[in-house]
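Residue numbers (my numbering): 21 to 517.
Given below as structure tokens:
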């Protein structure tokens, strides 16, 4: 809970006892908590802003105030009718009180923990249009491919500047996200209050003349900030991370003029994806266009276009912050889920990418056949953990499991250079993202894995950082040499040239 939310819950609790139980004279002052609770509710709405999880607390504060007024205007005379009404009111208030405390606890407003590296974090957002490519997710044949790109970078210490919100255009994004997952539109609105460790347009740190660049690719029906836990950790150790919002992949992409491109659901995207992974004679269609080789190569072109644009801003940044500060000779990529399959294709097609990190996804037939030349790390989990996830929350058919395991393994086994295969038992797919932080009860109800979100994120961050440090910065680290006691549960394999 946020501070005023917690104060309101405590005041509501004390008010309930003050109104429901006869008070001794020594604590008679508690009878005046009811108007105080109402004032705190108003203050919370004005200062912290309202969210739907607090509606029971607001209602209870208002109801308690009305009861307090009635008790002062019309004291109980002891009739059976009044006693019955009082008991019903107490019972209903007790139920609402319990709900009002539980809801904001199990669906909290989250603040990302401070990353462990020495750098602060700045961020900028860019809108780029690829005039050479059509937008296949638009019915307008003249539409060109547009991207929203967010860049996080090491920043100077800026203790007085406010932190940036977790998701830009949060209302539009969370509405689309909820609709794609069949939740009520309002259910994720509180994500707008999540707090990051990022400062908008902060001056870039001067510790180094330039910094290695990492491309980040989101998962299907996700958003470019969905791995903030991982992005902030990497940036805090001196990387510039470039998150691409890909129309069609993201839940929705909001452009500066206000128009949006909504993403496809998994059901809609699957035929287009499967054609890239396991080609079929039945060719998928999208807006009247045939995708003979599936759609993954189309998304991979977004990465190459982004690298082209990064070269432009490295020459002259229109925001006057990143000029000359991107070390594009040391560029890596990491992608989670759908972002991983796109990322592997991009690593195959674009030699500017020097290190490739793929997280828990099947790989295209093209990549399996031709192989990757860059050092590559796979972060995933054993097949039995995938089956456990299916038992808890559904999904992950045997075909999905076999396809994911076999294609990742095939690419790993064919690597000509350094390769790493990291399996995390007890980690569910959601644990690879920020989404397992939405509720502390997710492990209990099976939405996230038994390993726990903090442990999963610690492992992902440690291995991500060690991988990029070795292959982009040339920093040796014991973590990639073999199993270590610090992460004794990990199933770790490595290949050398």
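Here a beta-carbon is modelled for each residue, glycine too, at the ideal position from N, C-alpha and C.
DSSP places residue 375 outside any alpha helix (DSSP H); the residue lies instead in the beta strand (DSSP E), whose first and last residues are 373-379. Looking at 453, 260, 268, 232, the one whose alpha-carbon comes closest to that of residue 287 is 268.
Assigned with DSSP and collapsed to three states, residue 424 falls in helix.
Fully contained in the stretch 157-239 are the following alpha helix (DSSP H) runs of length 4 or more, in chain order: 190-200. At the C-beta level, residue 392 and residue 368 come within 8 Å of one another. Residue environment: residue 66 is assigned as exposed (fewer than 16 neighbouring CB atoms within 10 Å of its CB, all protein chains considered). Within the same chain, and ignoring the five residues on either side of residue 149 in sequence, the residues whose Cβ sits closer than 6 Å to its Cβ are 164, 166.
A distance below 7 Å between beta-carbons, with the five flanking residues on each side excluded, links residue 156 to the following residues of its chain, in chain order: 306, 307, 309, 318.
Residue 112 carries a helical assignment under DSSP once its states are collapsed to helix, strand and coil. Contact annotation: residue 434 and residue 370 have beta-carbon atoms that are not nearer than 8 Å. The beta strand (DSSP E) runs of length 3 or more contained entirely in the stretch 260-337 are, from start to end of the chain, 260-265, 272-274, 280-282. Residue 373 places its beta carbon 8 Å or farther from that of residue 382.
173 is the residue among 125, 173, 517 whose C-alpha sits nearest the C-alpha of residue 343. The C-alpha of residue 444 lies about 20 Å from the C-alpha of residue 497. Note that the C-beta distance between residue 28 and residue 81 is below 8 Å. The beta carbon of residue 211 sits closer than 7 Å to those of 186, 187, 190, 194, all from its chain and outside the five residues before and after it, given in chain order.
Taking a C-beta distance under 8 Å as the contact criterion, residue 217 and residue 132 qualify as a contact pair.
One alpha carbon belongs to residue 504, the other to residue 347, and they sit about 31 Å apart. Within the stretch 428-467, the complete beta strand (DSSP E) runs of at least 3 residues fall at 439-443.
Judged by DSSP secondary structure, residue 382 falls outside any alpha helix (DSSP H); it is assigned neither H nor E. For residue 76, there is no enclosing beta strand (DSSP E); the enclosing alpha helix (DSSP H) covers residues 75-93.
Within the same chain, 215, 216, 217, 218, 219 come within 7 Å of residue 183 by CB-CB distance, once the 5 residues on both sides are set aside. Between the alpha carbons of residue 420 and residue 145 lies a distance of about 35 Å. Contact between residue 88 and residue 55 holds, with the beta-carbon distance rounding to 7 Å and staying under 8 Å. Closest option to residue 304, judged by alpha-carbon separation, among 296, 436, 291, 316: 291.
When rounded, the separation of the alpha-carbon atoms in residue 142 and residue 223 is 7 Å. Rounded to the nearest angstrom, the gap between the Cα atoms of residue 51 and residue 91 is 10 Å. Counting only the Cα atoms, residue 514 lies some 7 Å from residue 501. In this structure, the beta-carbon distance from residue 384 to residue 273 does not fall below 8 Å.
Residue 135 sits in coil when the DSSP states are folded into three classes, being neither helix nor strand.
Residue pairing by DSSP puts residue 147 in a beta bridge opposite 168. In the structure shown, residue 23 adopts helical secondary structure according to DSSP, grouped into three states. Residue 348 sits in a strand when the DSSP states are folded into three classes. For residue 397, the enclosing beta strand (DSSP E) stretches over residues 396-400. When the five nearest sequence neighbours on each side are left out, no beta carbon in the same chain lies closer than 6 Å to the beta carbon of residue 83.
Residue 330 holds the alpha-carbon nearest to the alpha-carbon of residue 170 among 468, 487, 330.
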